[in-house]
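Colleague:
In the numbering used here, the protein residues as written are 24 to 470.
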């Protein structure tokens, strides 16, 4: 266990954030390789089949990552409080709930695969058949997906982002190799891509268990010796579930914005899609700094070092703001070149440049918002970050996109991001500075 309750916040946060950033980049490559293999080696129908199931896969991952976040924060608080028995209990509770949840999702997934595809209006024929095959295999591997996310969350709570990066690297490399073997050599098509994904995640999950067992002695393979804590589980749900629900609602809300984008035809759709991919990559440093803020806050709340919480928050805000401002300037200056990497079509490039030139100047706002929310989550406060994010996205950003489009045309839709972030900050900053979140009490005793 690596404590963040002693030492300079800057160096601690930097050392913790860099492996997380590398891991997030690997995750992007992980997803990109799957798309390349399917699109180039299997075919257009296969790419459509996998793409049509993305929303279901994202909803599942959102649920898993939400629960994992709850345990990440509790583990970090117990580490800060030097409560090793509670750390072990939290780890055991996480894996018990993960296994039970994975079994339930697998069963329900098999039963609901066809109804879900019908709900998504998946086209009949070869695409529907491929989608069904792909989804059912992913449901079989739910235990790997769940375990993969839980391992990463627990290790981050322990202050160990390097081991998490190593296991993700193993999963990424193995996924690439298995993609090629299953698709090119065996000719399994989308089934091969799905099997490659779940096998890579299961292997990474097992390696994580071995690490927790052998190196940290926080986990035993004697399942009957595991102890489940109702109090820890409920607290993990209270902290983590709002984040999972938030991600689910984001994905549904994005569909509404996508409908607006689709009304402008294929070229604008392509330009917006490419700008979104550039946005997702540019956003990775914010995600990494925010994760560091969560762990740093959690450990210092556990140690009752609220002075260090404030110090760490200020430090990570400054670090993130500096990086984000640099990235924003570079993206705006080189937006045409970045767009041209993905498409040579001038209309597509122009559409993407329109979005990026409005989005990136507001990036520092989302950096502040994301990190404040992460600090509050690390302290065990989940409701206000959830509300600020939902109000920002559903009540302001979505309507703003349509209003800007109506009055000014599609070129100004990109400003809707910044408008949403401003209102998110208006909600969350007064709450943060009020200090009411400091009264949040984590469970003292587990039962």
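A virtual CB, placed ideally from N, CA and C, is assigned to each residue, including glycine.
1. Looking at C-alpha atoms only, which residue of 341, 323 and 355 is the closest neighbour of residue 305?
2. Under the rule that 16 or more other beta-carbon atoms within 10 Å means buried, what is residue 210, buried or exposed?
3. At what residues does the alpha helix (DSSP H) containing residue 432 begin and finish?
4. Going by beta carbon distance, what residues of the same chain come within less than 6 Å of residue 370, once the five residues before and after it are set aside?
5. Out of 446, 440 and 235, which has the shortest C-alpha to C-alpha gap to residue 385?
6. Candidates 382, 152, 201 and 29: which alpha carbon is nearest residue 300's?
7. Apart from the five residues on each side of it in sequence, which residues of its chain come closer than 6 Å, Cβ to Cβ, to residue 206?
8. According to the neighbour-count rule (16 or more other Cβ atoms, all chains shown, within 10 Å of its Cβ), is residue 125 buried or exposed?
9. Could you compute how far the alpha carbon of residue 457 sits from the alpha carbon of residue 335?
10. Quick one: residues in its chain with C-beta nearer than 8 Å to the C-beta of residue 137, no 5 flanking neighbours on either side, listed in chain order?
11. Decide if residue 30 is buried, meaning its Cβ has at least 16 other Cβ atoms within 10 Å, or exposed.
12. Residue 174: buried (16+ other C-beta within 10 angstroms of its C-beta) or exposed?
13. DSSP on residue 267, reduced to helix/strand/coil?
14. For residue 344, I'd like the list of residues in its chain whose CB is within less than 8 Å of its CB, leaving aside the five on either flank, ordered along the chain.
15. Are the CB atoms of residue 414 and residue 446 within a distance shorter than 8 Å?
16. Where residue 52 and residue 158 are concerned, what is the direct C-alpha to C-alpha distance, given to the nearest angstrom?
17. So, with DSSP's three-state summary, where would you put residue 232?
18. Are the CB atoms of residue 263 and residue 372 nearer to each other than 8 Å?
19. When the Cα atoms are used, what is the spatial distance from residue 466 to residue 255?
20. Rounding to the nearest angstrom, what Cα-Cα distance links residue 42 and residue 189 in this structure?
21. Tell me the residue span of the alpha helix (DSSP H) that contains residue 165.
22. Could you tell me the distance, in whole angstroms, from the CA atom of residue 77 to the CA atom of residue 68?
23. Per the contact definition of three or more C-beta pairs closer than 8 Å, is the segment 352-368 in contact with the segment 400-419?
24. Let me know if residue 183 comes out buried or exposed under the rule of 16 or more other beta-carbons within 10 Å of its beta-carbon.
25. So, for residue 33: in the same chain, excluding its five sequence neighbours on each side, which residues have a beta-carbon less than 6 Å away from its beta-carbon?
26. Give every residue of the same chain whose Cβ lies closer than 6 Å to the Cβ of residue 178, excluding the five residues on either side of it in the sequence, and list them in chain order.
27. Along the chain, where does the alpha helix (DSSP H) that runs through residue 64 open and close?
28. How about residue 204 and residue 227: are their beta carbons less than 8 Å apart?
29. Considering just the uninterrupted stretch of the alpha helix (DSSP H) at residue 189, what are its terminal residues?
30. Do you know offhand how far residue 460's Cα is from residue 169's?
31. If you draw a straight line from the alpha carbon of residue 89 to that of residue 327, how long is it in whole angstroms?
32. Please classify residue 457: does DSSP put it in a helix, a strand, or coil?
Modeller: This is what the structure holds:
1. 355
2. exposed
3. Segment: none, residue 432 is in no alpha helix (DSSP H) and carries neither H nor E.
4. 290
5. 440
6. 382
7. 60, 64 and 215
8. buried
9. 18 Å
10. 155
11. exposed
12. buried
13. helix
14. 387, 390 and 391
15. yes
16. 21 Å
17. helix
18. no
19. Residue confidence is low: residue 466 scores 46 on pLDDT, short of 50, so the model does not pin down where it sits. No coordinate-derived value is stated.
20. 9 Å
21. 165-180
22. 15 Å
23. no
24. buried
25. 338
26. 186 and 187
27. No alpha helix (DSSP H) contains residue 64, which DSSP labels as neither H nor E.
28. no
29. 184-203
30. 30 Å
31. 25 Å
32. helix
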